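Please read the structure below before turning to the comments.
Residue numbers (this note's numbering): 12 to 483.
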C-alpha cells in the first residue's frame, strides 16, 4: 500500500470542512461541498476514502463508471449497501430510476444528528452535454442535501469539466469549495523513496510523482536499478499507467493522441508537430492542441520578453507522461517480448539530453516558490526565452509578468549534468544571450546539478536549494 506522503495538508483541509459541517448541526444549512480535481492516478479517490475512514463519520463512497445512467444508479444502490450510513438500506430498497430520485433517497438516508460524508467519484462521467445532471445536483443540494449535516465530496479527473462545474452560468456555480490534488512533489518523492536531492528530481521526472509508480520504487534504490526492475515487468505501473490514462482521456479523439505523441517525441513547434503527426492540416492540428491544452495535458508557452512574440512552444505537462511517450511507449512491443534490456540501454543513451529539457519546468517552478531570498527578488513570472531559429535560448527569465514583460528581474542558465559543473564558458554564453534579450545588466543566475566553478554570478542554486521550494 502507498503511504500518504505529503498529503497531510489535503487531509487537514477535508477535516476542517467536516468540522464546519459538525459545527453547523442544528442550523438551517449545515451541509458543505468540496469539488476535488486532479489528473488521473494522483491518488484522489484513495485520499478521500482514507479521510472518510479516519474521520469516524458514516460515509458512502460511490464511483460512477460512465456505462449508462441505469448502470450507475444500480451501482449506487450496491455501494450504499456496503457503506456505513445507518439508513443506507433505503437507497437499495428504493431503486431510484433517475438522479432526482436518487438524491432524494440519499438525503433521506443521511443522519440529521451527526456529520456524514457523501462521496461521488468520477463526476464528469455523469455530466451530460445538456447539463441535466448538473441541474438535478443543484436542485437536490439547494432543496435537501445542504439541509443535512453532510460533507459532499465531488471528485473528477477531467480538469476542464470539473472547472466548468463551478463556473459562472452553470447550475452548481459557487455551491462548493474547489480543491486541487497534484502529484507528489520532488521533496515528497525524495522523502518517500529515501533519496538525496539530485536523485529525488530524477525520480520525480520518471514517476511524475504518481503514488502508484513511486510505490514500486524500492526505498533507497537508484534510478537505473528501478528502471531495470520495472522494464522486466510488462505490467509494472511505470509501463501501464500512461496507456490506461490515455485510453480514458482519448477514446474517440485519435487525432489528439497522434498530436500528443508527436509532442512527447520532442517536437515543440506547430510546424514540426504537424509533420511528426503525419502531415496533419493546420485546422485539425489547432483543434487537437486546444483539446490537449484544455485538458492541461499540454502547455503552449511563449518566450518571456520585453517584446511580443508568436513563437509558441508546446510541451507535455506531466513529466512521467513525457518520459513514457518519448522513451517507453515506442518500445512497448520490445518490452513485452522480454527485451527490456534493449529499452534500458536506449534510455541510458538519451537520458542526459531528455532530462536536461524535462527538468526545466520543475526548476522554474522551484524558483518561483523560493523567491524572494537574499539573492534575488520575487518574480511573478518565471519562464524562458528563445528565438524562432533557436540561436538564442535562455533557460530562466524572471519578470514582472508574462509573456510580454515590462521589467526583467534576472536571467539564468540550467546545467543539469552529473559530471560537469557550471563554469566560465557557461557564464560567457549566458552573458551573450542576455545581451540579445535586454541591454540592462539584469542579475545572472546558475542552476547546476553538480556545482559552480566561476565568479561573476549573482545567485546559484543546486538540487538541495531547489528542494526547499516544497516544505515537508
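No residue lacks a Cβ here, since even glycine has one placed at the ideal position from N, Cα and C.
These figures come from a predicted structure and were not determined experimentally.
Three or more beta-carbon pairs under 8 Å between the region 448-456 and the region 416-424, yes or no? For the pair of segments examined, the region 448-456 was found to touch the region 416-424: the number of CB pairs separated by less than 8 Å reaches three.
First and last residue of the uninterrupted alpha helix (DSSP H) at residue 48: Indexing the chain shown from 1 puts residue 48 at position 37. The continuous stretches of alpha helix (DSSP H) do not include residue 48, which lies in the beta strand (DSSP E) extending over residues 43-48.
Where residue 428 falls: helix, strand or coil (DSSP): Here residue 428 corresponds to residue number 417 of the chain shown, with the count starting at 1. Residue 428 falls in the coil class under three-state DSSP.
Taking the alpha-carbon positions, what's the residue 327 to residue 340 distance? Locating residue 327 in the chain shown gives position 316, counting from the first residue. Locating residue 340 in the chain shown gives position 329, counting from the first residue. Computed Cα separation, rounded: 14 Å.
C-alpha gap between residue 296 and residue 319, whole angstroms: Counting from one through the chain shown, the residue named residue 296 turns up at place 285. Counting from one through the chain shown, the residue named residue 319 turns up at place 308. The alpha-carbon atoms of residue 296 and residue 319 are separated by roughly 23 Å.
Tell me whether residue 286 is buried or exposed, calling it buried when 16 or more other Cβ atoms sit within 10 Å of its Cβ. Here residue 286 refers to the residue found at position 275 of the chain shown. Exposed is the call here.
Could you please give the first and the last residue of the uninterrupted beta strand (DSSP E) stretch that includes residue 456? For the purposes of this step, residue 456 is taken as residue 445 along the chain shown, with counting starting at 1. 455-459 is the span of the beta strand (DSSP E), which, as asked, contains residue 456.
Cβ pair residue 126, residue 68 closer than 8 Å: Position 115 of the chain shown, counted from the first residue, corresponds to residue 126. Position 57 of the chain shown, counted from the first residue, corresponds to residue 68. Yes, Cβ-Cβ distance for residue 126 and residue 68 is below 8 Å.
Could you name the residues of the same chain whose beta carbon sits closer than 8 Å to that of residue 28, not counting the 5 residues immediately before and after it, in chain order? On the chain shown, residue 28 is found 17 positions in, with the first residue counted as 1. Sequence-distant Cβ neighbours of residue 28 in its own chain, meaning closer than 8 Å and more than five residues away, are 43, 45, 162 and 188.
So is residue 12 buried or exposed if we call it buried at 16+ other beta carbons inside 10 Å? Your numbering for residue 12 matches position 1 in the chain shown. Low confidence applies here, because residue 12 scores a pLDDT of 40, under 50, leaving its location unreliable; read the following figure in that light. By the 10 Å Cβ count, residue 12 comes out exposed.
Of the choices 304, 306 and 323, whose alpha-carbon is the least far from that of residue 313? As a first step, residue 313 is located in the chain shown; it is residue number 302 there, counting from the start. Cα-wise, what sits closest to residue 313 is 323.
Would you call residue 498 buried or exposed, if buried means 16 or more other Cβ atoms sit within 10 Å of its Cβ? The question about residue 498 has no answer here: the residues shown for the chain are numbered 12 through 483.
For residue 71, which three-state DSSP category applies? As a first step, residue 71 is located in the chain shown; it is residue number 60 there, counting from the start. Strand at residue 71.
Would you list, in sequence order, the uninterrupted beta strand (DSSP E) runs of no fewer than 3 residues that lie entirely inside the region 280-326? Counting only runs of 3 or more, we get 309-312.
Just confirm the distance between the C-beta atoms of residue 481 and residue 198, as a whole number of angstroms; I'd bet it's less than 8 Å. For the purposes of this step, residue 481 is identified with residue 470 of the chain shown, where counting begins at 1. For the purposes of this step, residue 198 is identified with residue 187 of the chain shown, where counting begins at 1. So it is a contact: roughly 4 Å between Cβ atoms.
Between the alpha carbons of residue 92 and residue 136, how many angstroms are there, rounded? One-based indexing of the chain shown puts residue 92 at position 81. One-based indexing of the chain shown puts residue 136 at position 125. Taking C-alpha positions only, residue 92 is separated from residue 136 by approximately 22 Å.
Boundaries of the alpha helix (DSSP H) in which residue 437 is found, first to last residue: Stepping through the chain shown from its first residue, residue 437 is reached at position 426. Start and end: 435-448.
Suppose contacts are defined by Cβ-Cβ distances below 8 Å. Is residue 155 in contact with residue 114 by that definition? Here residue 155 refers to the residue found at position 144 of the chain shown. Here residue 114 refers to the residue found at position 103 of the chain shown. Going by beta carbons, residue 155 and residue 114 fall inside the 8 Å limit.
How far does the alpha helix (DSSP H) with residue 29 in it extend, from its first residue to its last? One-based indexing of the chain shown puts residue 29 at position 18. Its alpha helix (DSSP H) spans residues 19-34.
Taking its Cβ as the centre, do 16 or more other Cβ atoms sit within 10 Å of residue 396, making it buried, or is it exposed? As a position in the chain shown, residue 396 is number 385, starting the count at 1. Residue 396 should be labelled buried.
In the DSSP assignment, find the unbroken beta strand (DSSP E) run with residue 404 in it and report its ends. The sequence position of residue 404 within the chain shown is 393, counting from 1. Per DSSP, residue 404 belongs to the beta strand (DSSP E) from 404-410.
Same chain only: Cβ atoms within 8 Å of residue 275, ignoring 5 sequence neighbours per side: Position 264 of the chain shown, counted from the start, is the residue given in the question as residue 275. For residue 275, where only same-chain residues beyond five positions count, the Cβ hits under 8 Å are 327, 332, 333, 335, 336, 337 and 340.
Give the straight-line distance between the Cα atoms of residue 342 and residue 354, rounded to the nearest whole angstrom. Within the chain shown, residue 342 is the residue found at index 331, counting from 1. Within the chain shown, residue 354 is the residue found at index 343, counting from 1. In this structure, the CA atom of residue 342 is about 6 Å from the CA atom of residue 354.
Helix, strand or coil, according to DSSP, for residue 475 in the structure here? In the chain shown, counting from the first residue as 1, residue 475 sits at position 464. Helix at residue 475.
By the three-class DSSP mapping on this structure, what secondary structure does residue 83 have? Along the chain shown, read from residue 1 onward, the residue named residue 83 stands at position 72. Here DSSP, grouped into helix, strand and coil, assigns residue 83 to helix.
Does residue 41 pass the burial test, meaning 16 or more other C-beta atoms within 10 Å, or should it be called exposed? Reading the chain shown from its first residue, position 30 is the one you call residue 41. Label assigned to residue 41: buried.
Please return the same chain residues whose Cβ sits closer than 7 Å to the Cβ of residue 90, not counting the five positions on each side in sequence. As a position in the chain shown, residue 90 is number 79, starting the count at 1. Excluding positions up to five away in sequence, the list reads 71, 72 and 73.
Is the distance from the Cβ of residue 84 to the Cβ of residue 166 below 8 Å? Taking the first residue of the chain shown as 1, we reach residue 84 at position 73. Taking the first residue of the chain shown as 1, we reach residue 166 at position 155. No. Outside cutoff.
Out of 236, 234 and 224, which has the shortest C-alpha to C-alpha gap to residue 486? The chain is shown from 12 up to 483; residue 486 falls before or after that span and cannot be answered.
Residue 173 to residue 244 span [Cα, whole Å]: Taking the chain shown and counting its residues from 1, the one referred to as residue 173 is at position 162. Taking the chain shown and counting its residues from 1, the one referred to as residue 244 is at position 233. Going by the C-alpha atoms only, they are around 35 Å apart.
Contacting residues, own chain, Cβ-Cβ under 7 Å from residue 412 (five flanking each side not counted): Indexing the chain shown from 1 puts residue 412 at position 401. Cβ within range, chain order: 391 and 392.
Quick one: residues in its chain with C-beta nearer than 6 Å to the C-beta of residue 325, no 5 flanking neighbours on either side, listed in chain order? For this step, residue 325 is matched to residue 314 along the chain shown. For residue 325, the CB contacts under 6 Å within the same chain, skipping 5 residues up- and downstream, are 274, 279, 309 and 311 in chain order.
Have a look at residue 266 and residue 121 and give me their C-alpha separation to the nearest angstrom. Against the chain shown, residue 266 aligns to sequence position 255. Against the chain shown, residue 121 aligns to sequence position 110. Those two C-alpha atoms are separated by around 45 Å.
So, with DSSP's three-state summary, where would you put residue 466? Residue mapping note: residue 466 aligns to position 455 of the chain shown, counting from 1. In the displayed model, residue 466 falls within coil according to three-state DSSP, outside both helix and strand.
Since residue 173 is in the alpha helix (DSSP H), which residue starts that stretch and which ends it? Position 162 of the chain shown holds residue 173. Counting along the chain, the alpha helix (DSSP H) containing residue 173 begins and ends at 170-176.
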